[in-house]
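Quick notes on the structure that follows.
In our numbering, the protein residues as written are 411 to 748.
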């Protein structure tokens, strides 16, 4: 595939109301967006989140990243993909990047049924453990609604989220990802079929606010949802696991100043033993029978890992995740070689 061209105009993605997870019309609209773009917005008013929930989550994030490096180092990321990763620790595009990503992150694993973290928490986050667990629970409920609607669109057998799905802190290698963004903090771009980078608006259809005032009407933008590799696997490439990136806004690339960009990302991932085989769906079957798809189109817009290679042994969700994380983190590569 040729090198992508610079970013063009913003891509227009649909904003869907998921308040009724049994609405077939919304399921069809969600399927349409997932097959065309691999991305869509969820109207925050159709979820159980409040603006205060999101405000507090970003407040905890800012507090943690502003804390001393020594405190963050004590919870440095481990081979289980939980903990703090510092600047340049992660390389999401190892083929083209000479240095790691210009970002910090803190990955949470699952919480217990009692709302307890299953990893050490740094001082900035430990007092808010129950609050963070509640936020994760709301994310899980939202993912279940989205997957139920996608199941309607795909016309699969009855979907039981209590059996099939759990949530974990992973990269975009799972089924779906929820992205919470702050007003006035753009930077996300997705790769289009034409090979161009298209900016994704934080607040679609609205002008950007002048500040980061959580009390204004734009405090809780729509939640951005993207399709992960596994849904692309399960639908034989029908749903797009689209390549995307985060860049500095043009105003910051040409100037001498920049502002911090905060985002909260929730990765929905199946149980480890789940096999990556197509789901029993007439829609997927028709797609497979009616269209001969080359490998590049199958994986989405830009070469993600959601393709099914003929003759290859079926992977499990755990094997796929380990493969992608080993390519992302240097310390995992070193451990594998050792």
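For glycine and all other residues, C-beta sits at the position ideal for the given N, C-alpha and C.
Keep in mind the model is a prediction, meaning the values are calculated, not measured.
Classification of residue 428 by the beta-carbon crowding that lies within 10 angstroms, buried from 16 upward: Numbered from 1 along the chain shown, position 18 holds the residue referred to as residue 428. So residue 428 ends up on the buried side.
Rounded straight-line distance, which links the Cα of residue 536 to that of residue 469: Residue mapping note: residue 469 aligns to position 59 of the chain shown, counting from 1. Residue mapping note: residue 536 aligns to position 126 of the chain shown, counting from 1. Cα to Cα, the separation comes out at about 14 Å.
Between which residues of its own chain and residue 422 is the CB-CB distance below 8 Å, once the five residues before and five after are set aside? The residue given as residue 422 occupies position 12 in the chain shown. Within the same chain, 614 come within 8 Å of residue 422 by CB-CB distance, once the 5 residues on both sides are set aside.
Given that a residue counts as buried once 16 or more other Cβ atoms are within 10 Å of its Cβ, and exposed if not, what is residue 635? If you number the chain shown from 1, residue 635 lands on position 225. Counting Cβ neighbours within 10 Å, residue 635 comes out buried, since at least 16 surround it.
Output the boundary residues of the beta strand (DSSP E) element that contains residue 515. As a position in the chain shown, residue 515 is number 105, starting the count at 1. For residue 515, the enclosing beta strand (DSSP E) stretches over residues 515-517.
Roughly how many angstroms lie between the CA atoms of residue 451 and residue 482, to the nearest whole one? The residue you call residue 451 lines up with position 41 of the chain shown. The residue you call residue 482 lines up with position 72 of the chain shown. Going from the Cα of residue 451 to the Cα of residue 482 covers about 32 Å.
Where residue 462 falls, given that 16 or more other Cβ within 10 Å makes a residue buried: Here residue 462 refers to the residue found at position 52 when the chain shown is read from its first residue. Exposed, because fewer than 16 other Cβ atoms sit within 10 Å of the Cβ of residue 462.
Between which residues of its own chain and residue 455 is the CB-CB distance below 7 Å, once the five residues before and five after are set aside? The sequence position of residue 455 within the chain shown is 45, counting from 1. Within the same chain, no residue comes within 7 Å of residue 455 by CB-CB distance, once the 5 residues on both sides are set aside.
Look at the alpha carbon of residue 685 and the alpha carbon of residue 496, and state the distance between them as a whole number of angstroms. Working through the chain shown from its first residue, we reach residue 685 at position 275. Working through the chain shown from its first residue, we reach residue 496 at position 86. In a straight line, the C-alpha of residue 685 is about 33 Å away from that of residue 496.
With respect to the alpha helix (DSSP H) encompassing residue 555, which residues constitute its N-terminal and C-terminal limits? Against the chain shown, residue 555 aligns to sequence position 145. That run of the alpha helix (DSSP H) goes 539-564.
Cross-strand partners of residue 524 (DSSP beta bridge): Here residue 524 refers to the residue found at position 114 when the chain shown is read from its first residue. Among the bridge pairs identified by DSSP, residue 524 is matched with none.
Relative to the C-alpha of residue 540, which residue among 643, 607, 521 and 529 is closest? On the chain shown, position 130 is the one that residue 540 refers to. Put simply, of 643, 607, 521 and 529 the residue whose alpha carbon is nearest the alpha carbon of residue 540 is 521.
Nearest-angstrom Cα distance between residue 440 and residue 426? As a first step, residue 440 is located in the chain shown; it is residue number 30 there, counting from the start. As a first step, residue 426 is located in the chain shown; it is residue number 16 there, counting from the start. Just so you know, the alpha carbons of residue 440 and residue 426 end up roughly 7 Å apart.
Among 534, 652 and 486, nearest to residue 605 - alpha-carbon criterion: In the chain shown, counting from the first residue as 1, residue 605 sits at position 195. Ranking the options by Cα distance to residue 605, first place goes to 652.
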